[in-house]
Structure formats: C-alpha cells, structure tokens
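Notes for the one structure printed next.
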Amino acid sequence: MRYIFTRLGFYFLAFLFAVTINFFLPRMMPGDPISSFLGRLAQSGGQITPETIAALEALYGYSTSVPLWQQFIGYLQSIMVGEWGVSTRFFQPVIEVLGRGTQWTLLLVGGYLLISYTLTTFLGIYVAWKRGTWADSLITVGSVVISSIPAVVMALLLYFAFASNLGWFPTGYAYDPALDPAYTWEFVSSVLYHLALPMIAMVLLGMGNVMGMRSNMINQLGEDFIVMGWAKGVRDRKVMFSYGARNAILPMITSFAMSVGAIFGGSLIIEIIFNYPGLGQVMFQAMLARDYPLIQGYLLMMTIMVLSANFIADMLLFALDPRLRTALD
Amino acid sequence: MKFLKSLKAMFLSNPKASVGASMVLIIFVLCFGAPLFTDYEPNARIARPHQAPSADHIVGTTRMGRDVLSQTLYGGRTSIMVGFVAGGFVMLMAMVVGISAGYFGGWVDNILSFFTNMVMVIPSLPLMLVLAAFLDQVSPFVIAVIIGATSWPWGARVIRAQTLSIRNRDFIHAAEVMGERKRRMLFFEVMPNMMSILASCLIGTIIYAIMTEATLGFIGLGDPLSVTWGVMLYNAQQTSAIRIGAWWEILAPSVMLASLAIGLALINFSIDEVSNPKLRAQRIMAKFRREQKVEAKKKAAAIRNAGSEPMEAKA
Amino acid sequence: MNKLTSIAVATSMAFAIGSVQAAETPNLRILNEFSTGWVQNFNPFIGGRQSVDMVLEPLVIFNMIDNMKPHFWLATGYSMSEDLKVLTLNLREGVKWSDGEDFTADDVVFTYTYPKDHPEIDTQGIASKVEKAVKVDDYTVELHLVGENAFAANDLIGQGLMMLPEHYWSKVENPANDTYEAMIGTGPMTELKRFTPQVYVQCTNGEYWNKDLSVECVEFPQFGNNDAALEMMAKGETDWNGIFIPDVERTFVSQAEGNKYWFPSGDGVRITMNFQTENESARRAFESVEFRKAFSLAMDRDAMMMIGAYGYVTGDNPASDLPPVQWGWRNKDADKIWSEFYQFDVKKAKQHLADGGFKDTNGNGFVENQDGETFQFKIQVPSGWTDWVNNAAIAVEGLRAAGIDASVVTPEANAYAKNWDGGNFEACFCGGSIQSSPWKFYDFTMHSRFAQGPQWWSTSMTNYVNPELDQLIETLGATIDTAKQKEIVDRIEMINAVEIPQIPLYYNGVWYSYNDTRFTGFWNAENPVAHPAPWNNNNRLLHLMDIKPRG
Numbered sequence: 001m002r003y004i005f006t007r008l009g010f011y012f013l014a015f016l017f018a019v020t021i022n023f024f025l026p027r028m029m030p031g032d033p034i035s036s037f038l039g040r041l042a043q044s045g046g047q048i049t050p051e052t053i054a055a056l057e058a059l060y061g062y063s064t065s066v067p068l069w070q071q072f073i074g075y076l077q078s079i080m081v082g083e084w085g086v087s088t089r090f091f092q093p094v095i096e097v098l099g100r101g102t103q104w105t106l107l108l109v110g111g112y113l114l115i116s117y118t119l120t121t122f123l124g125i126y127v128a129w130k131r132g133t134w135a136d137s138l139i140t141v142g143s144v145v146i147s148s149i150p151a152v153v154m155a156l157l158l159y160f161a162f163a164s165n166l167g168w169f170p171t172g173y174a175y176d177p178a179l180d181p182a183y184t185w186e187f188v189s190s191v192l193y194h195l196a197l198p199m200i201a202m203v204l205l206g207m208g209n210v211m212g213m214r215s216n217m218i219n220q221l222g223e224d225f226i227v228m229g230w231a232k233g234v235r236d237r238k239v240m241f242s243y244g245a246r247n248a249i250l251p252m253i254t255s256f257a258m259s260v261g262a263i264f265g266g267s268l269i270i271e272i273i274f275n276y277p278g279l280g281q282v283m284f285q286a287m288l289a290r291d292y293p294l295i296q297g298y299l300l301m302m303t304i305m306v307l308s309a310n311f312i313a314d315m316l317l318f319a320l321d322p323r324l325r326t327a328l329d
Numbered sequence: 001m002k003f004l005k006s007l008k009a010m011f012l013s014n015p016k017a018s019v020g021a022s023m024v025l026i027i028f029v030l031c032f033g034a035p036l037f038t039d040y041e042p043n044a045r046i047a048r049p050h051q052a053p054s055a056d057h058i059v060g061t062t063r064m065g066r067d068v069l070s071q072t073l074y075g076g077r078t079s080i081m082v083g084f085v086a087g088g089f090v091m092l093m094a095m096v097v098g099i100s101a102g103y104f105g106g107w108v109d110n111i112l113s114f115f116t117n118m119v120m121v122i123p124s125l126p127l128m129l130v131l132a133a134f135l136d137q138v139s140p141f142v143i144a145v146i147i148g149a150t151s152w153p154w155g156a157r158v159i160r161a162q163t164l165s166i167r168n169r170d171f172i173h174a175a176e177v178m179g180e181r182k183r184r185m186l187f188f189e190v191m192p193n194m195m196s197i198l199a200s201c202l203i204g205t206i207i208y209a210i211m212t213e214a215t216l217g218f219i220g221l222g223d224p225l226s227v228t229w230g231v232m233l234y235n236a237q238q239t240s241a242i243r244i245g246a247w248w249e250i251l252a253p254s255v256m257l258a259s260l261a262i263g264l265a266l267i268n269f270s271i272d273e274v275s276n277p278k279l280r281a282q283r284i285m286a287k288f289r290r291e292q293k294v295e296a297k298k299k300a301a302a303i304r305n306a307g308s309e310p311m312e313a314k315a
Numbered sequence: 001m002n003k004l005t006s007i008a009v010a011t012s013m014a015f016a017i018g019s020v021q022a023a024e025t026p027n028l029r030i031l032n033e034f035s036t037g038w039v040q041n042f043n044p045f046i047g048g049r050q051s052v053d054m055v056l057e058p059l060v061i062f063n064m065i066d067n068m069k070p071h072f073w074l075a076t077g078y079s080m081s082e083d084l085k086v087l088t089l090n091l092r093e094g095v096k097w098s099d100g101e102d103f104t105a106d107d108v109v110f111t112y113t114y115p116k117d118h119p120e121i122d123t124q125g126i127a128s129k130v131e132k133a134v135k136v137d138d139y140t141v142e143l144h145l146v147g148e149n150a151f152a153a154n155d156l157i158g159q160g161l162m163m164l165p166e167h168y169w170s171k172v173e174n175p176a177n178d179t180y181e182a183m184i185g186t187g188p189m190t191e192l193k194r195f196t197p198q199v200y201v202q203c204t205n206g207e208y209w210n211k212d213l214s215v216e217c218v219e220f221p222q223f224g225n226n227d228a229a230l231e232m233m234a235k236g237e238t239d240w241n242g243i244f245i246p247d248v249e250r251t252f253v254s255q256a257e258g259n260k261y262w263f264p265s266g267d268g269v270r271i272t273m274n275f276q277t278e279n280e281s282a283r284r285a286f287e288s289v290e291f292r293k294a295f296s297l298a299m300d301r302d303a304m305m306m307i308g309a310y311g312y313v314t315g316d317n318p319a320s321d322l323p324p325v326q327w328g329w330r331n332k333d334a335d336k337i338w339s340e341f342y343q344f345d346v347k348k349a350k351q352h353l354a355d356g357g358f359k360d361t362n363g364n365g366f367v368e369n370q371d372g373e374t375f376q377f378k379i380q381v382p383s384g385w386t387d388w389v390n391n392a393a394i395a396v397e398g399l400r401a402a403g404i405d406a407s408v409v410t411p412e413a414n415a416y417a418k419n420w421d422g423g424n425f426e427a428c429f430c431g432g433s434i435q436s437s438p439w440k441f442y443d444f445t446m447h448s449r450f451a452q453g454p455q456w457w458s459t460s461m462t463n464y465v466n467p468e469l470d471q472l473i474e475t476l477g478a479t480i481d482t483a484k485q486k487e488i489v490d491r492i493e494m495i496n497a498v499e500i501p502q503i504p505l506y507y508n509g510v511w512y513s514y515n516d517t518r519f520t521g522f523w524n525a526e527n528p529v530a531h532p533a534p535w536n537n538n539n540r541l542l543h544l545m546d547i548k549p550r551g
C-alpha cells in the first residue's frame, strides 16, 4: 500500500511540474491569438482593415496587463475544475476540440499498442527460442533495419505508394465522409479501412521491440530456474511461455510505460502525412495559430495520459512481479 | 587497451557490424568530402526547376533549381552535426546524472532520480515543438540543443541502473576498502566497465537526434534557408515534389537518412551482442544446432543401416 | 424552383424519410477552408464557418476584378448626399428571411446599430464611422456618417457587412459566442442538411428571392492541408476550389476530365524598407533614393514569378503597388518614369549606387553607405510561406550581385507580425493588400497614421512619413468630383514613381480552379465576371448564381 501511495505522490508532483511548464512555455512565445488570426487572413488574401484589430481585442479579452502570477493562479484553479478554456482557433471549448482528436489518436495508438506489442512479443519469444537459426537472423536484422527508417520517410513512402499512386488505401479522413457514425458494419469497416495504412506504418516503425523482447528472453533463458525446468524434463513450450516469457515480459511493461509519450508524439507525424484527424493534427494547427488554451490543453492531456500509463504499468508490475511484492512487504 | 581490442574483434567477426560500419563510413566520406563529388554549391540556383536526373545533375534539381546531390551531401554534414551535438549533450547529461545517482545513492539518488523521472514523463516531442516555435528561427544547432535537453532522462536511467549493478560488484568494494578516492573510482573503475553501454546509448541518441531533426524540419520548424535532410524533405513536400513527379527530391535525402540510421542501428545491435554474453551465446547455439543436425543425420543413417529398429521420440 | 416541384419535393421528403431520393442533382462540392474537423458554428462575426455568407447577404457586392463595380443585392441603389454626410439606401422589396419574416428597413437599421452595443463584433468599425442609421420608410434607410468620406459606400455596404435578422439577434446577449444554429438568412443556402466533422451540406432556402439560383446543395469536404485537397481535386471529385496547385497542368488539368483553372491577379507583393529601423547605417542607405533605385533594379522579377510562383502570376506593378482591380487609376506619366526601374539590370543598379555615393571602400565586395560606414540588413519573410521564402532568396541573390550586403530571416508568421509592431525589422517581404477603394488603399498602405502599428500590409511595413502624401490622401477622401479625384490620384502615383518608397515585385495569384463535368457556368479567362474563388467576401454569391447543374 505504501508503495502505491509513494507512486501516487510522485505522479502528483510530476503533474504539477508539467502544469507549470505548460503554463509558462506558450506564454513566452512571440505572437498572440490576434496577430495569428490576422496572419491567416493576410495569407489567404482577405481584406484586413484597421477596425478588425480593435474588435478582435475586445472579443478575446486578450490583455497583457494582468500580472503573470495572477494568470497562473487562475490557470491552476480552472484546471482543477475541468475548465480548460476556449480554443481561439476553433472557437470551441478546449475539452471538446481535444476530445474530437483524442478519440482518433487513441484508436490509432491503442490499436498500435495492441497489434505491435502482441506481434513483437511473440516474434521476440520465437527468435529467442530459435536463436542462431536463419529465421532468427532474418527477423532480428529485418526488424532492426525496418524500425530504423525515419518515421517521415516511412510515412511518405507508404502514403505515396499505396494511397496516392496505387489507390489501395484512402488518402485521408477517419472514415468515409458519406457515412454517418453508427455501430453498423458498414461504418466500422470504413473506420478500419481508413485506419489500416497509418497503423501499418506505425507497426513497422515499432518493430524494434522485437529486439527488446528477444534480449529479455535470452537473458531469462540463461537463468538457473530455466535450466532447472529443462533438467526436470518440462516440455519446451511450457519452459518457453511459463518460465521464460512470463518474466521476460516484465521489462517490456516498463519500456512500454516509458515509451508511451514517444508513441503519442510519433503518431503526430503519421497523422499529418496521412491526413488522419487525430490530436497531432489539432496540435499542429494550434501551434501555428498560437492557440494558447489549446496548446496548454494538449500538453496537459499528453501529460495525463503518460502519467496514467506509467501508473498502470507500476500497478501491473506490482501485481505480476512477486519479487517486487516481497521486497516491499 | 582491452576496449579497443574488443572493438576490433567485433567488427572483424560480426558481419552486421561491418555492414553497418561501412554504410556509416560511406555516408561520412560522401558528406564530408562533398566538394570531391559535386561541383555545385548547395544553395546556388544553377539550373531550371525540377530537372530530372541527368549527367549534369545526377539526382536532378529542386524547385529552386538547386542541385539535389550537392544539397544532399552538404545537408548531410549539418544533419550529422545535429546528431552528434545532441548525442554528446545527452551523453554528458545522462552520465553526470546517471553515474552520480547510481554511485552515490541515498538522497543524491533520490533527488536525481526524481528529477529524471519528472523530465521523462513530460512528452518530449510536443515539448520540442513548443520550444522550437518559441525560439522562433531555429538554426540546426539550436534544434540539436533542444533535442538534447529533452531526451537525456532515458539514458540517465539506463546508466544509473548499470552503475548500481557495477557498484555492488566485489572489485568495487575491494577498491573502496583499499581507500581509493571516489572520483578516481568513478572514472577508473566504474566508467570503463560501462563503455559498451555508453557507446550504445550514444549511438542510440544520435539515431534519435537525426530522425527528430528530420521530423522537426519536415513539419517546418527548422530554418528554411539552412540545408539539412529535414529541410530538404520540407521543401520537397511544400512544392509537392512527388505529385509533380520529382521523386528524386524526396528520394535522395530519404535514402541517406534511412541508410545512416540503419547503419548506426546495426552497429548498435552488434555492440549489444558483444557486450551481453548471453546474447553472444547465440553463436554457440548456432554451432550447437549444426552439430546436433550432423549428429541427427548420422543417427538417421545409422538407423537406416541397422534396418527396422523402433524410433524414439526426440526431446 | 417552381411551386409544383417544391410541393413534390416537400411531400416526397415527408413520406420518404431515410430513403434515397432518385434523380437528385449532385451537390456542388467546394474546397476553400482548411480545417482539422468541421465545428458546427455559423457565427457571422468571428470564427464561424465561412459559408455563413450563403446564409446572410450584403446590400451590395462590389466586383473585385472589375474596378469595384457595384452589383446590387439586398439594396437596389444608394446615393451619397452632396456634403458627404448621409448615405441613402434603397432596399429590395419582396425579400423574405428563411423563416418567413419580411426583410425590411428595421433589419438594416438594426445591423448598423447592433455593433455599437457589442464592440467585440465590430470588425468593420461601424461604431467609428456611422453616427446613426435612420429608417425613412420600410424600404429606405439613411446612414448618417461620422466623418465625410466620398468612398464610404464601398466601406460600409459591401461584402463585409451582412444584414442580420433583427428578430433573432436582438435576443442574443453574447453575439460573439453564438453558434447561430438557427441559420436564419436571406441567402441561398440556409438549410443545414448534414453536419459531421468531415463534411457538411447546406441546401436551398425555400424563400430565396434571386431566381437565378439553380444549385440545390453545396457540400464542404474537410481537408487539413494542401496535399489532402490536391488529392481530391486531382481525381475531379470537387467542383469549385480555392487551393494553390503546383505545376497545375501536370498535377491537375491532365489528371481528370473537366479539371480547369483560371488564376487572375490578386494583391501586389513588395519588399519594403523600414525607414525608422534602429540599424542606423542601413537606415542612412534606405534614405537615399539612388539606393532605392538600385534596390529595385537588382530584383530578378521574372525569376521570382517563374520559380516561386510557378509562372502563374503577372507583374507590371505600378510604383504604388495598386492592385489590378484599381488599375483604372494608374497614371501613365508616373508609369513611364517607374518603368526605368521596374526591371532587372545589375549593371544599372551598380551605376545608381555609385551615383548615390555608395562605394566599396574596404574591399569586401559590398558597398559602404554614403558616410563610408559598412551596412548590412535582413529581409524578413514568414517561415512556411514557401513561395515567398524562395523569392526572398532570389531578391537577396540580386542585391548581393549588385554589391549590397543583404540576407534573409524567416521568423514564424506571428513573430514576423510582432516585429513590425515594435518596428523591429530592417526590410520586409510582404503583401500589398486589396482595399475597397483607391482612397482606402492609399490610406492604409501609405498614410503615416498607420506607421509603427500592428496592421498587416499597412504603412507599418515602411513607416514612411511624407506630409504631402498624407495631405493628398486626406483630400482625396473628401473629394466627390471624379475628375478632381483622378488629379489627386495622379499626383500620389507620381510621388511613388519618383520617390520609390517601396519595391513592388509582382501580383499574387487568385488560386481558383473548377471541374465542369457536373456543373457549367463557371467563370474563366473568357468569361471574367468577378473574383472567381470560392472564398467568402469575394464575390462568390454572384458566382453561385451563374453555376448551373448539367443535364
């Protein structure tokens, strides 16, 4: 129990730290919502009149005269009650804008985690078992090579080859715009179809996990209890899964928790290139439009998701690893 | 020195390492010897826009009528520089934080680990995006520093764990009993035993930094007038190079980026193999399997020769 | 639509909910607004979907291609009093709001009064220009102006000001945050048939007054970036686009049957020098007219138009950078003087530098200023505006060839704007803007009252102060006689040609393309009616009336 509280305490402090950064970073950036609104107008050749600015200032209530620390206190208060402000780019509550993107990002990232971790774990176990064979060399070297390809390059390649040129996959959207969201096969299949190519890109980029699982597994296979298992005449399959893999997966959970932030970040470039309407796209627009409330909300959302993932991993480890339990008790 | 010897052994005995090393070496020679391979300045307008590859321009020209080959080679210098600066920065931070935390333990460890974990849970790419935009016109060097400043905690954690395990080994205790000074211990007892992990950490960071530079550049957060692989991709994308059919403009930096990353990853992979005896065991396993096969063949032959003896199930 | 069919449609709608209607005309698919997902907000003041301009209409549409010629819309005419103080509007009779109420003078009076109570929605500055709006009868309104201005009509009754239904907005307390889901309007497309984050469809207003309308529904597919839009356009899936297309023949026209384009000229592009920069040695150089002549002569405008702008754009800018829609006001004599400098001639540029006393005394390849001080300066251009960044690089190549030590900086667009707010730049690659009248154009881009301000494309780009110019612009605004106006404009144009306070380069294009397999009647170079792009505020209502379904 003490362990859980310590972890919770840490996450709370980390959260405060992140909130502080969230608040101060965007505010130190040049530009404000008004000038960025005008910028967009100017680029699209719209008419800009001197009157526009006064009206915009009145609308946004944007003013630098309130001292920063007062803004900060106000910010802390509103976060706690779930008021994340109104996006100055989309004119909607930040929570709603983020929610719209989050559902697709969660689908993409969640699906990725499921597919990628299942695939790479089994491949890792397999090649560790078969180490030294041609299958091992092929799969390990292959996964190192594939996962080293930069995300930008991989995404551009897949997009132009399979979506734009061959037309096997859609070139944008999360589902066919002609459909209305509903729990029908038609809609679900459309969602999956639109998800497929970005997902393939992400899974390919995540193939590096095979290596992690493989070395964990090989480390385990050298342990005494495995050798004992063999000596006792336990069947290969059982040694592989019950003795080896069970322990080899533990470090994978930690590595998953640590990489969750990177995975969400990584989905950004994928979403931009595949025109997939997730959080990454939202963030990119928010950055360009200097949408302070939205940028803050995005970083906050990311932090919460990463912290939760870490906490879940902690709990999983606690439940799965008897050593940790005994050491703490 | 023992380390160098094992390095040499690694490259000689491991085909993956030598393939990786030669890929990296070729790219280095191409980029740093750029004037030998191209006569054009990377930023000079020397031809009509989007010329297809020809004898004059081996990989064609860009929208601005610049030579893609010369951009790729000169740009590589900057991209590699970004990789090394960021890598160096990360290593420095990770080593200072990781080794001190692991070696001194106690409250030093508590504070440093807390700080490390704190920075680690803040999602780094979004943070980098915000920082890059905040710093306005970001030169490649600034990008390198940003990458470094946000990416060190992972290395610090690995190094701390490694330091901890080394610290508890007998020879360190022995040295302590013999009254060696702490600083000396850190540099002469602990560090050399982590060479491989430091090297692999460094290479890992360099790969990460080069890729991240490409990402930030591609999104348009780099200085559009600098020449790096990321900015080349950005310019190509902005001028819809592939749609127009100017695939060479995307292909050249992509191939270089991928090759460099793959080459470095192969080296890293081999270091892991060499430094982790259990992973090295695969060679022995391979030999064992070969022998087993030969044995099995012999056995089978023997059985065939002996006629119809009942076969036993194999384990 | 005649009565019989509308009854037929209504009954079939009533009885066949959920079933697909046969023989429906296709939706007119429009690409004009970037988004990461549509948000249902039709606020007409700020942040709403642009297509609210197909719900609420202006009194008059001024033609943005043809010298601001008026097309009467909800008004049938207007007249200005002799003393330039009262603008009388005659309203169209028989116009109904989509909920069946009559459109009358009350709505117009309300429209001009409402912003005074809500300054946050006063994007047109009504409060500072209109003293009061007075209802004369049900179809006549007088606008009493604050100051006298001969060009007030273009400013006050044009596209930017959409007439509001009083019976809805008078009950709204916080107009800036209202999403206007009621969509009550006099406009052609007031029925929201479908709204998802990826697409929305607006259909015909049963009460619509203009019988030219034939399109049934307009559809807006969402797209997040240029590439996503190009993907749809290349396949010929969309009908009416306002998207930049690189290498248009290859990537668009040849890709699908019926894909066509027309890129008329938009606003001018120019390089400006900051005459109040803190970089003293550069400022001294900018002050020399010989230096500015050399600057202009070092510009390889053909290369800029070919490379950065794909050869889509045209040049021939006057020294004032007046947009083509106002070329009727150009001055031949001024143009003749200016043509000497609107060309690329490095040799002549060097000659002018020498004449101005600029010599390379320290032998570094770059000239020193009149006082013998070394100077260098940077031209700022927003990062991400790729064509401009490329063209700024071409400009710098030319300057360096002529011996001027210039370079480019690419701040992010917001920082770029912040820089002129604080006067914190040396030179700037920027736009020239289109304004509703020549007076407004000169006032905004040249009158010193906008110097040192935060306005895009205004006098803030140069911080140039010339009392004679200010005086002329003020007189122009108060002059109603056309011949006198022309005289004043001639003088303004002449000052620009002689003084060269800025370096005009070329004109931005209007990125308009269409596919005529499903619809006909699109405007093009042979039929250049008005501004053709499907953006709001840009004559698109006129265009919509001309577009007819095929077959």
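In order, the protein sequence lines correspond to chains A, B and C. Each residue of the first sequence is one higher than the last, beginning at 1 in UniProt numbering. Each residue of the second sequence is one higher than the last, beginning at 1 in UniProt numbering. Each residue of the third sequence is one higher than the last, beginning at 1 in UniProt numbering. Just so it is clear, CB atoms sit at the ideal spot from N, CA and C, and this is done for glycine as well.
With DSSP as the reference, label histidine 50 of chain B as helix, strand or coil. Residue state, collapsed to three classes: coil.
Can you give me the Cβ contacts of methionine 183 of chain C inside the same chain, cut-off strictly under 7 Å, excluding the 5 residues immediately before and after it? If we look at methionine 183 of chain C and ignore the five residues flanking it on each side, its Cβ neighbours are Phe42, Val55, Thr190 and Leu192.
Within 8 Å, strictly: CB atoms of leucine 198 of chain B and tryptophan 229 of chain B: In this structure, leucine 198 of chain B sits away from tryptophan 229 of chain B, with a CB-CB distance that is not shorter than 8 Å.
Would you report the Cα separation of residue 600 of chain C and threonine 272 of chain C, rounded to the nearest angstrom? Only positions 1 to 551 of chain C appear in the structure, and residue 600 of chain C is not among them; the question remains open.
For a test of the three-state rule: what should DSSP assign to aspartate 490 of chain C, helix, strand or coil? Reduced to three states, the DSSP call for aspartate 490 of chain C is helix.
Closer than 8 Å by C-beta to valine 191 of chain A: which residues in its own chain qualify, once you throw out the five before and the five after it? Chain order, please. Closer than 8 Å at the Cβ level, and outside the excluded window around valine 191 of chain A, lie Leu107, Ala174 and Tyr175.
Curious, which full-length alpha helix (DSSP H) runs of at least 4 residues does the region 444-529 of chain C contain? The region 444-529 of chain C contains these whole alpha helix (DSSP H) runs: 467-477 and 482-499.
C-beta atoms of threonine 163 of chain B and leucine 127 of chain B nearer than 8 Å: Against a cut-off of 8 Å, the Cβ pair of leucine 127 of chain B and threonine 163 of chain B comes out as no contact.
If you measure from the beta carbon of phenylalanine 141 of chain B to each beta carbon in chain A, is any gap under 8 Å? Chain A, which has no Cβ nearer than 8 Å to the Cβ of phenylalanine 141 of chain B, makes this no.
Bridge partner(s) assigned by DSSP for valine 218 of chain C: C:Leu28 and C:Gln202, per the DSSP bridge assignment.
Residue range of the alpha helix (DSSP H) that includes alanine 427 of chain C: Where alanine 427 of chain C is concerned, there is no enclosing alpha helix (DSSP H), although the beta strand (DSSP E) it sits in stretches over 427-431.
Name the chain B residues whose beta carbon is nearer than 9 Å to that of leucine 299 of chain A? Simply Ile122, Pro123, Pro126, Leu127 and Val130.
Nearest residue (CA-CA) to alanine 286 of chain A, options C:Pro549, C:Met545, C:Phe34 and C:Arg540: Residue C:Phe34 is the option with its Cα nearest to alanine 286 of chain A.
For the region 324-353 of chain C, list the alpha helix (DSSP H) runs that are entirely contained and at least 4 residues long, ordered along the chain. The region 324-353 of chain C contains these whole alpha helix (DSSP H) runs: 332-339.
Cβ-heavy atom distance between serine 281 of chain C and the ligand SAH below 7 Å? In terms of ligand content, the structure shown is empty, and the ligand SAH therefore cannot be addressed.
According to DSSP, is asparagine 177 of chain C helix, strand or coil? Three-state result, asparagine 177 of chain C: helix.
Classify glycine 187 of chain C as buried or exposed, calling it buried when 16 or more other Cβ atoms lie within 10 Å of its own Cβ. Counting Cβ neighbours within 10 Å, glycine 187 of chain C comes out buried, since at least 16 surround it.
Listing by chain order, which chain A residues have their CB less than 7 Å from the CB of residue 582 of chain C? Residue 582 of chain C lies beyond the range of chain C shown here (1 to 551); nothing can be said about it.
From the DSSP output, read off the bridge partner residues of valine 39 of chain C. Paired residues: none, contrary to the question.
Same chain only: Cβ atoms within 8 Å of glycine 236 of chain C, ignoring 5 sequence neighbours per side: Leaving aside the five residues that flank glycine 236 of chain C on each side, the residues in its chain whose CB is nearer than 8 Å to its CB run, in chain order, Gln255, Ala256, Glu257, Gly258, Asn259, Asn515 and Thr517.
Beta-carbon contacts of isoleucine 147 of chain B that lie in its chain and below 6 Å, excluding the five residues immediately before and after: Apart from sequence neighbours up to five positions away, the residues of its chain that approach isoleucine 147 of chain B with a beta-carbon distance below 6 Å are Ala86, Ala209 and Thr212, ordered along the chain.
Could you name the residues of the same chain whose beta carbon sits closer than 6 Å to that of alanine 101 of chain B, not counting the 5 residues immediately before and after it, in chain order? Within the same chain, alanine 101 of chain B has close Cβ partners Asp109, Leu112, Ser113 and Arg160.
Taking 8 Å as the cut-off, does the region 151-158 of chain C touch the region 68-78 of chain C (at least 3 CB pairs, one atom from each stretch)? Touching, per the Cβ criterion.
Which residues in chain C have a C-beta closer than 7 Å to the C-beta of aspartate 180 of chain A? List them in chain order. Here the neighbours are Thr196.
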